[in-house]
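Position one of the sequence shown corresponds to residue 115 (the working numbering), numbered consecutively onward. Where is the CB? At the ideal position from N, CA and C, for every residue including glycine. See structure below.
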Amino acid sequence: MNHAETLLPALRVAGLSKRFTLHNQGGVELPVLEGVTLDAFRGECLALDGPSGAGKSTLLKLIYANYRASAGSIRVRRTSAAAEVDVTTADPRTLLALRRDTIGYVSQFLRTVPRVGALDVVAEPLLGTADADTSALRDAHRKAQELLLRLRIPQRLWHVPPATFSGGEQQRINIARSFIRSWPVLLLDEPTASLDADNCSTVVSLIDEARARGAAVIGIFHDARVRERVATRVIDMERFQPRPGSR
Ligand SMILES: Nc1ncnc2c1ncn2[C@@H]1O[C@H](COP(=O)(O)OP(=O)(O)O)[C@@H](O)[C@H]1O
Ligand SMILES: [Mg+2]
Numbered sequence: 115m116n117h118a119e120t121l122l123p124a125l126r127v128a129g130l131s132k133r134f135t136l137h138n139q140g141g142v143e144l145p146v147l148e149g150v151t152l153d154a155f156r157g158e159c160l161a162l163d164g165p166s167g168a169g170k171s172t173l174l175k176l177i178y179a180n181y182r183a184s185a186g187s188i189r190v191r192r193t194s195a196a197a198e199v200d201v202t203t204a205d206p207r208t209l210l211a212l213r214r215d216t217i218g219y220v221s222q223f224l225r226t227v228p229r230v231g232a233l234d235v236v237a238e239p240l241l242g243t244a245d246a247d248t249s250a251l252r253d254a255h256r257k258a259q260e261l262l263l264r265l266r267i268p269q270r271l272w273h274v275p276p277a278t279f280s281g282g283e284q285q286r287i288n289i290a291r292s293f294i295r296s297w298p299v300l301l302l303d304e305p306t307a308s309l310d311a312d313n314c315s316t317v318v319s320l321i322d323e324a325r326a327r328g329a330a331v332i333g334i335f336h337d338a339r340v341r342e343r344v345a346t347r348v349i350d351m352e353r354f355q356p357r358p359g360s361r
């Protein structure tokens with residue numbers, strides 16, 4: 115991380131709004147977020163705080179371009195380029211590149227590919243689509259093993275596809291997969307939701323390590339103790355609730 119990178123925000127959200135159009139209810143509009151404005155710098159961990167339904171997961175999905183914004187901008191600084199990309203207007207190819215080199219996302223659910231074992235699922239983000247040479251493969255597997263050990267996945271499961279794993283095991287695979295790379299921007303949607311205390315502490319350490327490597331982390335942490343432990347700043351989502359009657 116050079117000096118300029120620490121001074122410029124990794125992510126700038128400005129005037130961001132989201133309303134859903136409910137097509138199966140005659141096109142009724144459901145406003146969820148209005149005027150979201152925040153900056154995230156490398157080394158920070160922002161915790162999105164607010165009651166269920168406040169739009170926390172929606173904000174992460176807007177940043178990851180799973181949802182399309184209704185208004186506003188989401189500017190992300192790409193590692194490989196000096197210029198920022200506005201996620202709300204970028205073309206699909208740029209969005210894919212952003213997901214490849216800049217933004218990591220731990221969703222609440224693991225999407226697994228059938229027949230791919232846990233170790234390969236975890237190593238995959240390091241290998242990408244290009245043909246990896248043997249040393250890259252070995253290195254990725256070594257890092258994957260380290261994470262599986264730290265997250266207490268029993269060795270007998272390492273070559274089993276995670277589809278049959280318990281909820282907590284799948285979540286740890288999801289976490290390992292997302293922490294194997296040093297993402298400049300890392301989005302975490304309740305990463306500790308179904309974890310025991312020991313694995314929670316491991317995730318807390320992984321978040322601290324990611325910040326130390328220069329990640330800007332934005333997360334939702336339902337557990338207040340985890341939130342207090344990891345957050346360098348708390349964002350109150352109440353500020354971004356649509357006013358009654360607004361659309
Ligand atoms: N794809 C969607 N279509 C319609 N409504 C949605 C969709 N995703 C989220 N919502 C609505 O947006 C609101 C905020 O949801 P969410 O962001 O999941 O809240 P939080 O994560 O803060 O609990 C909820 O009322 C939810 O029903
Ligand atoms: Mg949520």
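Could you check whether the Cβ of residue 257 sits closer than 8 angstroms to any heavy atom belonging to ligand 2?
To locate residue 257, count along the sequence shown from 1; it is residue 143. No, Cβ of residue 257 sits at least 8 angstroms from all heavy atoms of ligand 2.
Only counting runs of 4 or more residues, tell me where the alpha helix (DSSP H) segments fall wholly within the stretch 320 to 358, in order along the chain.
338 to 344
What residues are listed by DSSP as bridge partners for residue 134?
Within the sequence shown, numbered from 1, the residue matching residue 134 stands at position 20. Note: residue 134 sits in a beta bridge opposite 144.
By how many angstroms is the C-alpha of residue 258 removed from the C-alpha of residue 269?
Position 155 of the sequence shown holds residue 269. Position 144 of the sequence shown holds residue 258. Cα to Cα, residue 269 sits roughly 12 angstroms from residue 258.
In whole angstroms, what is the alpha-carbon distance linking residue 133 and residue 146?
Here residue 133 refers to the residue found at position 19 when the sequence shown is read from its first residue. Here residue 146 refers to the residue found at position 32 when the sequence shown is read from its first residue. Whole-angstrom Cα-Cα distance: 5 angstroms.
Give a yes or no on whether the C-beta atoms belonging to residue 329 and residue 299 are separated by under 9 angstroms.
Residue 329 sits at position 215 when you count from the first residue of the sequence shown. Residue 299 sits at position 185 when you count from the first residue of the sequence shown. Their beta carbons are under 9 angstroms apart, which means residue 329 touches residue 299 by this criterion.
Is the closest heavy atom of ligand 2 to the C-beta of residue 132 under 8 angstroms?
Numbered from its first residue, the sequence shown carries residue 132 at position 18. The answer is no for residue 132.
Can you tell me the Cα-Cα spacing of residue 156 and residue 346, whole angstroms?
Indexing the sequence shown from 1 puts residue 156 at position 42. Indexing the sequence shown from 1 puts residue 346 at position 232. Those two C-alpha atoms are separated by around 11 angstroms.
Does the distance from the CB of residue 289 to the CB of residue 170 come in under 9 angstroms?
Residue numbering aside, residue 289 sits at position 175 when the sequence shown is read from its first letter. Residue numbering aside, residue 170 sits at position 56 when the sequence shown is read from its first letter. Not closer than 9 angstroms, so no.
Do residue 348 and residue 318 count as a contact pair if the criterion is CB distance below 9 angstroms?
Position 204 of the sequence shown, counted from the first residue, corresponds to residue 318. Position 234 of the sequence shown, counted from the first residue, corresponds to residue 348. For residue 318 and residue 348, no; Cβs fall outside 9 angstroms.
Quick one: what's got a C-beta closer than 8 angstroms to residue 175's C-beta in the same chain, skipping five residues either side?
Residue numbering aside, residue 175 sits at position 61 when the sequence shown is read from its first letter. Excluding residues within five positions, the ones whose Cβ falls inside 8 angstroms are 181.
Can you tell me whether residue 263 sits near ligand 1, meaning its C-beta is under 8 angstroms from at least one heavy atom of the ligand?
For the purposes of this step, residue 263 is taken as the residue at position 149 of the sequence shown. No; taking the cut-off as 8 angstroms, the Cβ of residue 263 has no heavy atom of ligand 1 nearer than that.
Please identify the residue among 140, 183 and 136 whose C-alpha is closest to the C-alpha of residue 150.
As a position in the sequence shown, residue 150 is number 36, starting the count at 1. The candidate whose alpha carbon is nearest that of residue 150 is 183.
Limits of the beta strand (DSSP E) - the one that residue 309 falls within
Sequence index remark: in the sequence shown, residue 309 carries index 195 (1-based). Where residue 309 is concerned, there is no enclosing beta strand (DSSP E), given that its DSSP letter is neither H nor E.
Within 10 angstroms of the Cβ of residue 140, are there 16 or more other Cβ atoms? Answer buried if so, exposed if not.
What you label residue 140 is simply residue 26 of the sequence shown in a count that begins at 1. Residue 140 should be labelled exposed.
Exposed or buried, residue 303, counting other C-beta atoms within 10 Å across all chains shown (16 or more means buried)?
Within the sequence shown, the letter at position 189 stands for residue 303. It is buried - the Cβ of residue 303 has at least 16 other Cβ atoms within 10 Å.
Cα-Cα separation between residue 189 and residue 201, rounded to whole angstroms:
On the sequence shown, position 75 is the one that residue 189 refers to. On the sequence shown, position 87 is the one that residue 201 refers to. Those two C-alpha atoms are separated by around 6 angstroms.
Check this for me: beta carbons of residue 154 and residue 332, under 9 angstroms apart or not?
Counted from its first residue, the sequence shown places residue 154 at position 40. Counted from its first residue, the sequence shown places residue 332 at position 218. Going by C-beta atoms, residue 154 is nearer than 9 angstroms to residue 332.
Does residue 187 come out as helix, strand or coil in the three-state DSSP assignment?
For the purposes of this step, residue 187 is taken as residue 73 along the sequence shown, with counting starting at 1. It is a strand residue.
Would you mind stating whether residue 233 and residue 297 have Cβ atoms separated by less than 9 angstroms?
Within the sequence shown, residue 233 is the residue found at index 119, counting from 1. Within the sequence shown, residue 297 is the residue found at index 183, counting from 1. Cβ atoms of residue 233 and residue 297: not closer than 9 angstroms.
Based on the DSSP output, what are the partners of residue 303 in its beta bridges?
Mapped onto the sequence shown, residue 303 falls at position 189. Per DSSP, 334.
Sorry if obvious, but does the Cβ on residue 166 come closer than 8 angstroms to a heavy atom of ligand 2?
Against the sequence shown, residue 166 aligns to sequence position 52. Residue 166: yes, Cβ under 8 angstroms from ligand 2.
My understanding is that residue 282 touches residue 187, with C-beta atoms under 8 angstroms, so please give their C-beta distance in whole angstroms.
Residue 282 sits at position 168 when you count from the first residue of the sequence shown. Residue 187 sits at position 73 when you count from the first residue of the sequence shown. Not really, about 37 angstroms apart at Cβ, beyond 8 angstroms.
Looking at the structure shown, is residue 129 part of a helix, part of a strand, or coil, going by DSSP?
Taking the first residue of the sequence shown as position 1, residue 129 is located at position 15. Here residue 129 sits in strand by DSSP.
Quick one: using the 10 Å Cβ neighbour count with 16 as the cut-off for buried, is residue 173 buried or exposed?
Position 59 of the sequence shown holds residue 173. Its Cβ being crowded by 16 or more others within 10 Å, residue 173 is buried.
Taking C-alpha atoms, which residue in 137, 143 and 122 lies nearest to residue 131?
Counting from 1 along the sequence shown, the entry for residue 131 is found at position 17. For residue 131, the nearest C-alpha among the options comes from 143.
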